[in-house]
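J.: So the sequence lines, in the order shown, correspond to chains F and R.
So that you can map any letter, position 140 of the first sequence is 140 in the numbering used here, and since no number is skipped, the others follow by simple counting.
So that you can map any letter, position 5 of the second sequence is 220 in the numbering used here, and since no number is skipped, the others follow by simple counting.
No residue lacks a Cβ here, since even glycine has one placed at the ideal position from N, Cα and C.
Note that the structure is predicted; figures quoted are calculated from it, not measured.
Just passing along the structure, written as structure tokens.
Protein chains: 2
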Amino acid sequence: MSGTGEAAPRATYRHGDLRAALLAAGIELARDGGPSAVVLREATRRAGVSPNAAYRHFTDRQALLGAVSDAAQALVADAMEEEIRRASRAPGDDAAARAHARLRAVGTGYLRFARAEPGLFHAAFSVPTALGTSDSPSKAGSGGRTPYQLLTDALDALASAGELPPDRRPHAEFLAWSSVHGLATLMIDGPLRGLPAELVAGVEQRLLDMVAKGL
Amino acid sequence: MSGTGEAAPRATYRHGDLRAALLAAGIELARDGGPSAVVLREATRRAGVSPNAAYRHFTDRQALLGAVSDAAQALVADAMEEEIRRASRAPGDDAAARAHARLRAVGTGYLRFARAEPGLFHAAFSVPTALGTSDSPSKAGSGGRTPYQLLTDALDALASAGELPPDRRPHAEFLAWSSVHGLATLMIDGPLRGLPAELVAGVEQRLLDMVAKGL
DNA sequence: TAGATTTGTGAACGGCGTCAACATAGCGGG
DNA sequence: CCCGCTATGTTGACGCCGTTCACAAATCTA
Chain F
1 MSGTGEAAPR ATYRHGDLRA ALLAAGIELA RDGGPSAVVL REATRRAGVS PNAAYRHFTD
61 RQALLGAVSD AAQALVADAM EEEIRRASRA PGDDAAARAH ARLRAVGTGY LRFARAEPGL
121 FHAAFSVPTA LGTSDSPSKA GSGGRTPYQL LTDALDALAS AGELPPDRRP HAEFLAWSSV
181 HGLATLMIDG PLRGLPAELV AGVEQRLLDM VAKGL
Chain R
216 MSGTGEAAPR ATYRHGDLRA ALLAAGIELA RDGGPSAVVL REATRRAGVS PNAAYRHFTD
276 RQALLGAVSD AAQALVADAM EEEIRRASRA PGDDAAARAH ARLRAVGTGY LRFARAEPGL
336 FHAAFSVPTA LGTSDSPSKA GSGGRTPYQL LTDALDALAS AGELPPDRRP HAEFLAWSSV
396 HGLATLMIDG PLRGLPAELV AGVEQRLLDM VAKGL
């Protein structure tokens with residue numbers, strides 16, 4: 001029954017790059033609808049292929065979701081790096097100020113992405129993956145670094161600049177990450193969802209202040 | 216438990232209190248499995264009733280999930296209040312120290328509950344509800360206060376004790392909540408899931424330190 | 001060129017949420 | 001005391017989902 005009805009029928013029996021097509025469809029589904037909207041059958045439908053074809057490229061729906069999650073994390077990394085670039089264009093004060101600006105940029109990028117792409121953000125970080133895989137290249141943005149690595153780098157720089165005592169450096173990423181991640185999730189699908197837009201920026205700034213001051 | 220026949224057919228045509236039975240089943244399902252495990256058909260099965268009977272008491276699966284979420288928040292409130300009691304049993308230093316201990320207890324209760332009941336925790340706060348309903352009595356614990364109210368109270372006390380400058384009091388709940396909530400979610404179903412047990416307590420303490428210091 | 005391997009298809013199964021039509025229990029009013 | 005009304009539960013069906021199995025076509029390789 002394939003062919004006439006749905007999307008344009010393929011010329012060849014083989015698809016060409018079905019895996020990539022399914023992943024792209026999955027990303028699109030996650031973009032509007034979050035992880036639960038990543039539906040195998042719909043992804044295959046968009047790729048113009050029968051439902052079972054997906055199983056030649058992903059063992060599971062879960063596996064597809066994992067690939068979507070990785071891709072979403074790469075986009076988060078891109079957002080962070082863009083924010084870092086923006087921050088570093090500012091006139092260079094001393095090293096300490098620059099280190100603080102960089103950490104803040106990391107957080108800002110994270111929050112900006114969550115606001116701009118709530119579905120993808122949710123897909124990126126609510127799919128269970130071990131911390132050990134946080135450095136996996138599949139999660140890296142175009143700069144080659146993952147979100148977790150960008151955070152770690154920023155904290156290292158902060159420590160190097162003497163703005164973070166060495167005894168407080170270990171696991172500092174957990175503290176910073178938690179705060180920013182919590183705000184992001186509360187704002188996009190938690191009880192803070194309806195927060196008036198003019199409050200959002202202020203709360204975000206204050207949160208980043210709190211982290212910088214309390215770390 | 217009056218006549219809780221799981222598979223046993225009911226004696227009477229009427230169930231008695233089906234709404235409560237469905238809610239109880241839903242809570243149990245959420246407890247092991249999180250919100251996505253709250254399945255209408257399974258809840259009715261456990262109540263010994265046909266699937267559609269649920270629609271006499273909940274308009275939707277979503278409505279049942281909402282009720283489960285409220286119940287879970289009430290349990291969070293209980294965990295917080297217990298921690299507050301524990302903290303207030305300590306010899307009373309000055310008012311400032313007691314205010315700090317109380318805020319810390321609120322956070323500790325939240326984190327303890329998340330660790331002890333990850334499924335219910337997830338159900339409590341990842342079901343979208345507006346901030347305006349955070350004071351709804353359906354979310355209150357046995358002490359009559361919701362988690363959000365307990366946090367607000369603790370921050371008020373901190374401000375009264377002069378430990379939080381008045382200009383930083385507004386919206387401070389968002390900052391504190393975000394940090395603790397973020398750590399909880401990252402630890403129970405995020406990338407921090409596998410965190411070694413001996414690290415957990417330390418990270419939690421440091422996070423609470425950070426909040427107290429940075430607020 | 002023939003056989004092996006990869007990749008996509010078709011049909012089917014059980015589970016889900018939900019709707020529509022029906023049936024009974026138990027109440028209040030005549 | 002009966003009668004009908006409403007609240008509550010049942011049966012059956014629909015369309016969606018993920019997943020499995022057996023099969024067919026395309027491509028690779030020997």
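For F113 (chain F) and chain R, any beta-carbon pair shorter than 8 Å?
T.: Judged by the 8 Å Cβ criterion, F113 (chain F) is not in contact with chain R.
J.: Helix, strand or coil for V264 (chain R)? Go by DSSP, reduced to three states.
T.: Correct three-state label for V264 (chain R): coil.
J.: At what residues does the alpha helix (DSSP H) containing A252 (chain R) begin and finish?
T.: Taken as a continuous stretch (DSSP letters only), A252 (chain R) belongs to no alpha helix (DSSP H), as it is neither H nor E.
J.: What whole-angstrom Cβ distance do P406 (chain R) and D189 (chain F) have, given they're in contact under 8 Å?
T.: Not confirmed; about 18 Å, so no contact.
J.: Can you confirm whether G16 (chain F), when its beta carbon is compared against all beta carbons of chain R, has any partner nearer than 8 Å?
T.: Not closer than 8 Å to any Cβ of chain R, the Cβ of G16 (chain F) fails to qualify, so no.
J.: Closer than 7 Å to a non-hydrogen atom of the ligand ZN - does that hold for the CB of A157 (chain F)?
T.: Questions concerning the ligand ZN fall outside what the structure shown contains, since it holds no ligand whatsoever.
J.: Given 8 Å as the limit, is there contact between the region 311 to 318 of chain R and the region 373 to 383 of chain R, that is, 3 or more CB pairs closer than that?
T.: Contact holds: three or more Cβ-Cβ distances are below 8 Å.
J.: Secondary structure at F121 (chain F), three-state DSSP: helix, strand or coil?
T.: In this structure, F121 (chain F) counts as helix in the three-state DSSP scheme.
J.: Starting from A345 (chain R), find everything on chain F with Cβ-Cβ shorter than 9 Å and list it in chain order.
T.: Result: P191, R193, G194.
J.: Per DSSP, what kind of secondary structure is D156 (chain F) in: helix, strand or coil?
T.: The answer is helix: DSSP assigns D156 (chain F) an H, G or I state.
J.: Taking beta-carbon pairs under 7 Å, can you tell me which members of the region 350 to 384 of chain R lie near chain F?
T.: Taking 7 Å as the Cβ-Cβ cut-off against chain F, none of the residues of the region 350 to 384 of chain R qualify.
J.: Given A90 (chain F), which residues of its chain have a CB within under 8 Å of its CB, disregarding the five upstream and five downstream residues?
T.: If we look at A90 (chain F) and ignore the five residues flanking it on each side, its Cβ neighbours are A101.
J.: Between the Cα of F336 (chain R) and the Cα atoms of R:R301, R:A369, R:A292, which residue gives the shortest distance?
T.: Closest by alpha carbon: R:A292.
J.: Please list, in chain order, the chain F residues whose beta carbon lies closer than 7 Å to that of F336 (chain R).
T.: Under the 7 Å cutoff, chain F gives no residues; its nearest Cβ is about 12 Å from F336 (chain R).
J.: To the nearest angstrom, how far is the alpha carbon of R229 (chain R) from that of A262 (chain R)?
T.: Cα to Cα, the separation comes out at about 12 Å.
J.: Which term fits L199 (chain F), buried or exposed, when burial requires 16 or more other beta carbons within 10 angstroms of its beta carbon?
T.: Exposed.
J.: Measure the CB-CB distance between H171 (chain F) and L401 (chain R) and report whether it falls below 8 Å.
T.: Not closer than 8 Å, so no.
J.: Can you grab the Cα-Cα spacing for the pair P196 (chain F) / G202 (chain F), in whole Å?
T.: P196 (chain F) and G202 (chain F): Cα-Cα distance of roughly 11 Å.
J.: Would you mind giving the Cβ-Cβ distance between M80 (chain F) and L150 (chain F), rounded to the nearest angstrom? I have them listed as a contact below 8 Å.
T.: At roughly 5 Å, the Cβ-Cβ gap stays under 8 Å, so M80 (chain F) and L150 (chain F) are in contact.
J.: Just to confirm, is the Cβ distance from K213 (chain F) to K428 (chain R) under 8 Å?
T.: Contact: yes.
J.: Spatial neighbours of E221 (chain R) within its chain, please: C-beta separation below 6 Å, excluding the five flanking residues on both sides.
T.: In this prediction, E221 (chain R) has a pLDDT of 42, which is less than 50 and means its spatial position is unreliable; what the coordinates show is noted afterwards. Cβ within range, chain order: n/a, list empty.
J.: In its own chain, which residues sit with a C-beta less than 7 Å from the C-beta of S349 (chain R), not counting the 5 before and 5 after it?
T.: T361, Y363.
J.: From which residue to which residue does the alpha helix (DSSP H) around Y110 (chain F) run?
T.: From DSSP, the alpha helix (DSSP H) with Y110 (chain F) extends over 95 to 116.
J.: Are the Cβ atoms of A258 (chain R) and L233 (chain R) separated by less than 8 Å?
T.: Going by C-beta atoms, A258 (chain R) is not nearer than 8 Å to L233 (chain R).
J.: Distance cutoff 8 Å, beta carbons only. Does L290 (chain R) sit that close to anything in chain F?
T.: With 8 Å as the cut-off, L290 (chain R) does not count as an interface residue toward chain F.
J.: Is the beta carbon of Q288 (chain R) sitting closer than 8 Å to the one on A339 (chain R)?
T.: Yes.
J.: Can you check which of these residues, R:G241, R:P333, R:D247, is closest to V253 (chain R) by C-alpha distance?
T.: Of the listed residues, the one whose Cα sits closest to V253 (chain R) is R:G241.
J.: Please list, in chain order, the chain R residues whose beta carbon lies closer than 8 Å to that of M80 (chain F).
T.: Per Cβ cutoff of 8 Å: no residues; M80 (chain F) is ~16 Å from chain R at best.
J.: Using CA coordinates, which residue listed in F:A96, F:G92, F:T12, F:L75 is at the minimum distance from A114 (chain F)?
T.: Among F:A96, F:G92, F:T12, F:L75, the Cα nearest to that of A114 (chain F) belongs to F:L75.
J.: Determine whether the beta carbon atoms of R383 (chain R) and L423 (chain R) lie at a separation below 8 Å.
T.: Contact: no.
J.: Should T323 (chain R) be flagged as near chain F, meaning a C-beta pair shorter than 8 Å?
T.: Judged by the 8 Å Cβ criterion, T323 (chain R) is not in contact with chain F.
J.: Let me know the secondary structure DSSP gives S126 (chain F) once reduced to three states.
T.: Correct three-state label for S126 (chain F): coil.
J.: With 8 Å set as the bound, which would you pick, yes or no: does the beta-carbon of A416 (chain R) sit closer than that to a beta-carbon of chain F?
T.: Chain F contact via Cβ: absent.
J.: If contacts are defined as beta-carbon pairs under 8 Å, then S393 (chain R) and S179 (chain F) qualify, I think. What distance do you get, rounded to the angstrom?
T.: Confirmed, Cβ separation roughly 6 Å.
J.: At 4 residues or longer, what runs of the alpha helix (DSSP H) sit wholly inside the region 139 to 198 of chain F?
T.: 147 to 160, 172 to 188, all fully within the region 139 to 198 of chain F.
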